[in-house]
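Mapping of the sequence shown onto the working numbering: residues 460 to 587, in sequence order. For every residue, glycine included, the Cβ atom is placed at its ideal position computed from N, Cα and C. Quick caveat, the model's predicted, so the values are computed rather than measured. Working notes for the structure below.
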Amino acid sequence: MTVNSFSAVSLDPPLVSWCVRREAPSAPAFIAASHFAVHVLDSSHAHIARQFSTPAPDKFAGIEFGTGIGGLPVLSGVIAHFECRNMRTVEVGDHIMLIGQIERYAARGGEPLIFHSGGFRSLSDIVT
């Protein structure tokens, strides 16, 4: 699933959050899961964001990934990933907010992919 934002909630303990639309086909699986992973895509990864944002029987088809905590799929070549224990869900309007405690993460340098003004862009495209 591609989300347009996630947020730091706490530094101690390290918590992050993101939201899923209640009616999203994958919402029940994320809500029931013990863990989830958040990936920060590189500016060259718009194709991955598109692939995970559209309905498909196998969203991981053609995507390189390894295995994280509890069997989580962890994408290769991303700027950062966070492997999180699903701590809490909160109903917020037409979405469900998932709050996870970071159990493991990895990061490398790179320019992040962002969604701005209706399209995928790199940060350097919009910062002058």
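- Bounds of the beta strand (DSSP E) holding Leu572 are Leu572 to His575.
- For Arg547, the enclosing beta strand (DSSP E) stretches over residues Ala539 to Val551.
- Under the three-state reduction of DSSP output, Asp501 falls in the strand class.
- Listed as beta-bridge partners of Val479 by DSSP are Ile555.
- By the Cβ-count criterion, Ile555 is buried, with 16 or more other Cβ atoms from all chains shown falling within 10 Å of its own Cβ.
- Annotated as proximal: Gly559 and His494, with beta-carbon spacing under 9 Å.
- For Pro532, the enclosing beta strand (DSSP E) starts and ends at Pro532 to Leu534.
- Excluding the 5 residues flanking it on each side, Leu531 has same chain C-beta neighbours closer than 8 Å at His494, Phe495, Ala496 and Glu542, in chain order.
- Bounds of the alpha helix (DSSP H) holding Ser583 are Leu582 to Ile585.
- About 4 Å separates the Cβ atoms of Glu523 and Ser535, confirming a contact at the 8 Å cut-off.
- Short of 8 Å from the beta carbon of Arg567, and not among the five residues preceding or following it, lie these beta carbons of its own chain, in chain order: Ile538 and Ala539.
- Residue pairing from DSSP leaves Ile522 without any beta-bridge partner.
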